[in-house]
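Student: Before I ask anything, here is the structure I am working with.
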Amino acid sequence: MQRERVYRYFALGFLVLLAVLGLVLPTGARSLMIQIMIFGIFAMGYDVCLGYTAQCSLGHSLFFGSGAYACVLSVMHLKAGLLTALAISVGTGFVLAALLGPICVRLSEAYFVIVTAIIAAVFHLLAMDLVWLTGGDDGLCFSIPSLKLGFGDLSLYKPLANYYFVLFFMALTYFVLARILHAPLGKIFVAIRENPKRALFLGYNVTRYKLIAFVVSGMVAALAGGLYALTLRYCSADYMGFYWSVLPVVWCLIGGQGTLVGSWIGVALMSLFQYYVSAWFTYYLLLFGVLVLIILSVSRKGILGYIASRVR
Amino acid sequence: MAENGYLLELKDVSRHFGGLVAVDGISYGVRKGEVRGIIGPNGAGKTTLFNVITGELKPTAGRIYLKGEDITGLPAHIICEKGMSRTFQLTFIFPEMTVFECVWVGVYSRARRPWDLFFSRTDPSGPIAEKAQRIIHTVGLEEKTHEMASNLSYGDQKVLEIAMALSTDPVILLLDEPTQGVGPGEVDTIINLVERLSKEMSIVLIEHDMDIVARLCHNVTVLSFGKMIAEGTCEAVSRNEEVQRIYLGEKIVCS
Chain A
4 MQRERVYRYF ALGFLVLLAV LGLVLPTGAR SLMIQIMIFG IFAMGYDVCL
54 GYTAQCSLGH SLFFGSGAYA CVLSVMHLKA GLLTALAISV GTGFVLAALL
104 GPICVRLSEA YFVIVTAIIA AVFHLLAMDL VWLTGGDDGL CFSIPSLKLG
154 FGDLSLYKPL ANYYFVLFFM ALTYFVLARI LHAPLGKIFV AIRENPKRAL
204 FLGYNVTRYK LIAFVVSGMV AALAGGLYAL TLRYCSADYM GFYWSVLPVV
254 WCLIGGQGTL VGSWIGVALM SLFQYYVSAW FTYYLLLFGV LVLIILSVSR
304 KGILGYIASR VR
Chain B
62 MAENGYLLEL KDVSRHFGGL VAVDGISYGV RKGEVRGIIG PNGAGKTTLF
112 NVITGELKPT AGRIYLKGED ITGLPAHIIC EKGMSRTFQL TFIFPEMTVF
162 ECVWVGVYSR ARRPWDLFFS RTDPSGPIAE KAQRIIHTVG LEEKTHEMAS
212 NLSYGDQKVL EIAMALSTDP VILLLDEPTQ GVGPGEVDTI INLVERLSKE
262 MSIVLIEHDM DIVARLCHNV TVLSFGKMIA EGTCEAVSRN EEVQRIYLGE
312 KIVCS
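Rendered as structure tokens:
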């Protein structure tokens, strides 16, 4: 379909652009790009939930935060390698989403939003309290081992290595999610988003498919959390805060929900805005809020959705 | 098939909403190949009866059998898998999907296997796609295969809904006012379609228009306040005094 093709070309173009930028950008801008890529991963995962099955979760900070902690703690206490630590992150996201999902996904719209927000809030408080484990508000600093590849070691302390390490995971996440969403599963997700009752009467167990979307989304959020902790070599209970639950909603709304990669535009806009405008205007989020309203009043499908509807 | 030859059988089915009895002790049977009509004034419980049969609502009392198998209280998607399909009074389609995709999703629901759910390709050829194309042909939407469902006319959306109901290979099809709100030309298309389908499956039809019921149905059931007050051929029912009284002296003429 035409629209899908626009999304695909955009995604490939964006990834190639990132690959080139890694070589030419100065260090400061490069670390901003690393942040954008990690948030891009988070946003893609979130869109599976919001854009594809119309579940507006306000609890994804739980997955992001626990992914970060799973990564940090497994490096600190289990002396895990980088890839193992990230695998543990994703596994943690999977377990949490699979345990909490069944409570949430059977709830309809507003109840789903509230319950996910409450669950995340409970875990946030827990993380603040368990200072011996999480470091609470102060967080944990840790040093990361280098990545052992067949031909040599790769240290993430080198910004360039860090950049391409994160880019690799962004591309990987994109290709896996795009594959899944173009497979029958993606069609079923869209059907459920469009009309859950009709999907039910076509013989689909709607609750089960919503749970699958929720779990996939939780795993990707946890991966993003793990990468974020690795990049900053730091993690705190703050990662489970409400702020981190709202961010992905905003990214998806700006970029275009249900497009998978549209949220990258949202991430880029917001990160650049934060980076440049916050320097001279403290209340930059106020401006940003107005910008979001303008974008949504022009197109409810966000920026990429608008572009796709104009093409052809 | 049950020993008594019923494809779908209801035994004393009731559904209460608090103090309101929406469906009151209905016993009903549909045989293979039959086309049955259900008529009745607004609020008679016709749609509630459909909701109870298809598993959207659980009956408060009574049992429901499909092909002799007890399906009372099973979730809707399981009942659908067992061969019952329905349409809705208001059009229930997937607006942001193409006609082809809408039907494809239904066909896939019966063909799905866990291992190809995640990574197989939804290519436009292959047995599932072919079957979807065949169904689109049957209902006559082939020229609009790649239109967005939301761009179709209201009548075409109703037809698409029937196509979606067909996609799960039903043995019995429940149609809830398939011609409601549709223009005169399109009504004929839908009636012809239902007539053709009735050769392949049993159909239960809720309808307001007596002419349509008379054209399509072998047998009519009249509901009023949740109770079944008459059953029989169209002529017999329209001569029934109680039925005439319920329709407030409105003369029901059977063509």
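Respectively, the protein sequence lines represent chains A and B. So that you can map any letter, position 91 of the first sequence is 94 in our numbering, and since no number is skipped, the others follow by simple counting. So that you can map any letter, position 15 of the second sequence is 76 in our numbering, and since no number is skipped, the others follow by simple counting. Note that beta-carbon positions come from the ideal geometry of N, C-alpha and C, so glycine has one too. Keep in mind the model is a prediction, meaning the values are calculated, not measured.
Listed in chain order, which residues of the region 166-182 of chain B have Cβ atoms closer than 8 Å to some Cβ of chain A?
Tutor: So the close ones are Val-166, Gly-167, Tyr-169, Ser-170, Arg-171, Arg-173, Asp-177, Leu-178, Phe-179, Phe-180, Ser-181, Arg-182.
Student: Using the C-alpha atoms, what's the distance from Glu-203(B) back to Tyr-193(B)?
Tutor: It should be pointed out that residue 193(B) corresponds to Ala in this sequence rather than to Tyr. If I take the Cα positions, the gap works out to 10 Å.
Student: Between which residues of its own chain and Gly-144(B) is the CB-CB distance below 6 Å, once the five residues before and five after are set aside?
Tutor: Hits under 6 Å: Pro-231, Val-232.
Student: Under 8 Å, Cβ to Cβ, is there at least one residue of chain E near Phe-204(A)?
Tutor: Checking the listed chains, one finds no chain E in this structure; the protein chains it contains are A and B.
Student: Would the beta-carbon of Arg-97(B) fall within 8 Å of that of Asn-280(B)?
Tutor: For Arg-97(B) and Asn-280(B), yes; Cβs fall inside 8 Å.
Student: Just the C-alpha distance for Val-200(B) and Tyr-309(A), rounded to the nearest angstrom, thanks.
Tutor: So the two alpha carbons sit approximately 33 Å from each other.
Student: If you draw a straight line from the C-alpha of Ile-154(B) to the C-alpha of Ile-251(B), how long is it?
Tutor: Cα to Cα, Ile-154(B) sits roughly 17 Å from Ile-251(B).
Student: What does a CB cutoff of less than 8 Å around His-77(B) pick up in its chain, not counting 5 residues either side in sequence?
Tutor: Excluding sequence neighbours, His-77(B) sits near Ala-83, Thr-121.
Student: Should the region 148-164 of chain A be regarded as contacting the region 95-111 of chain A, the criterion being three or more beta carbon pairs within less than 8 Å?
Tutor: These segments do not touch.
Student: In angstroms with no decimal places, state the Cα-to-Cα distance between Leu-234(B) and Glu-130(B).
Tutor: Their backbone Cα atoms lie some 17 Å apart in a straight line.
Student: Assuming Ile-99(B) and Lys-93(B) form a contact by the criterion Cβ under 8 Å, report the distance between their Cβ atoms to the nearest whole angstrom.
Tutor: Rounded, the Cβ-Cβ distance is 18 Å, inconsistent with contact.
Student: Which bits of chain B does Leu-188(A) rub up against, with CB to CB less than 7 Å?
Tutor: Chain B residues near Leu-188(A): Leu-178, Phe-179.
Student: Would you kindly report the start and end of the unbroken beta strand (DSSP E) that includes Asn-280(B)?
Tutor: Run containing Asn-280(B): 280-285, per the beta strand (DSSP E) assignment.
Student: According to DSSP, is Lys-107(B) part of a helix, a strand, or is it coil?
Tutor: Three-state DSSP puts Lys-107(B) in a helix.
Student: State the start and end residues of the unbroken beta strand (DSSP E) segment that holds Phe-78(B).
Tutor: Looking at the DSSP string, the run of the beta strand (DSSP E) that includes Phe-78(B) is 67-78.
Student: Straight-line CA distance for Phe-276(A) to Ala-164(A)?
Tutor: Their backbone Cα atoms lie some 26 Å apart in a straight line.
Student: Once DSSP output is grouped into helix, strand and coil, what is the label at Gly-94(A)?
Tutor: Three-state result, Gly-94(A): helix.
Student: Taking the alpha carbon of Leu-258(B) as the reference point, which residue from Lys-219(B), Val-74(B), Gly-134(B), Leu-227(B) has its own alpha carbon closest?
Tutor: Of the listed residues, the one whose Cα sits closest to Leu-258(B) is Leu-227(B).
Student: Below 8 Å on the Cβ atoms is my guess for Leu-68(B) versus Ser-263(B); work out the distance and round it to an integer in Å.
Tutor: Rounded, the Cβ-Cβ distance is 5 Å, consistent with contact.
Student: In three-state DSSP terms, what is Glu-238(B)?
Tutor: It is coil, neither helix nor strand.
Student: As a quick exercise: from Gly-104(B), Glu-222(B), Val-248(B), pick the residue whose alpha carbon is nearest that of Thr-148(B).
Tutor: Closest option to Thr-148(B), Cα to Cα, is Glu-222(B).
Student: Using a Cβ-Cβ cut-off of 8 Å, state whether Thr-199(B) counts as contacting chain A.
Tutor: Chain A contact via Cβ: absent.
Student: Give me the Cβ distance between Asp-85(B) and Lys-288(B), rounded to the nearest whole Å; I'm assuming they're in contact under 8 Å.
Tutor: Right, their Cβ atoms sit about 5 Å apart.
Student: Is it a yes or a no for the region 79-86 of chain A touching the region 15-22 of chain A, going by three-plus beta-carbon pairs under 8 Å?
Tutor: Taking 8 Å as the limit for Cβ pairs, the verdict is that the region 15-22 of chain A does not touch the region 79-86 of chain A.
Student: For chain B, is any of its Cβ atoms less than 8 Å away from the one on Ile-257(A)?
Tutor: Answer no: the Cβ-Cβ gap between Ile-257(A) and chain B never drops below 8 Å.
Student: Could you give the distance in angstroms between the alpha-carbon of Thr-127(B) and the alpha-carbon of Ile-139(B)?
Tutor: Looking at the sequence provided, one finds Leu at residue 127(B) rather than Thr. C-alpha separation (whole angstroms): 12 Å.
Student: Check this for me: beta carbons of Gly-242(B) and Tyr-215(B), under 8 Å apart or not?
Tutor: Against a cut-off of 8 Å, the Cβ pair of Tyr-215(B) and Gly-242(B) comes out as a contact.
Student: Going straight from the alpha carbon of Ser-285(B) to that of Phe-115(A), what length do you get?
Tutor: Each residue's Cα considered, the two are about 39 Å apart.
Student: Count the other CB atoms, across all protein chains shown, that sit within 10 Å of the CB of His-127(A); report buried if there are 16 or more and exposed otherwise.
Tutor: Buried is the call here.
Student: Along the region 205-234 of chain B, where does the CB come closer than 9 Å to a CB of chain A? Name the residues.
Tutor: Taking 9 Å as the Cβ-Cβ cut-off against chain A, the residues of the region 205-234 of chain B that qualify are His-207, Ala-210, Glu-222, Met-225, Ala-226, Ser-228, Thr-229.
Student: I'd like to know if Glu-7(A) contacts chain B, where contact means its C-beta is closer than 8 Å to some C-beta of that chain.
Tutor: Closer than 8 Å: no.
Student: Tyr-231(A): which of Val-125(A), Leu-136(A), Gly-68(A), Ala-124(A) sits nearest, CA to CA?
Tutor: Comparing Cα positions, the closest option is Gly-68(A).
Student: Leaving out five residues before and five after Ala-105(B) in sequence, what residues of the same chain have Cβ atoms less than 6 Å from its Cβ?
Tutor: Cβ neighbours of Ala-105(B) beyond the five flanking positions: Leu-284, Ser-285.
Student: With DSSP as the reference, please indicate the residues paired to Val-27(A) in a beta bridge.
Tutor: Per DSSP, none; premise fails for Val-27(A).
Student: Whose C-alpha, out of Val-108(A), Ala-14(A), Leu-53(A), is nearest the C-alpha of Leu-214(A)?
Tutor: Leu-214(A) has its Cα closest to that of Val-108(A), out of Val-108(A), Ala-14(A), Leu-53(A).
Student: Less than 8 Å between the beta carbons of Gly-206(A) and Gly-265(A), yes or no?
Tutor: Not closer than 8 Å, so no.
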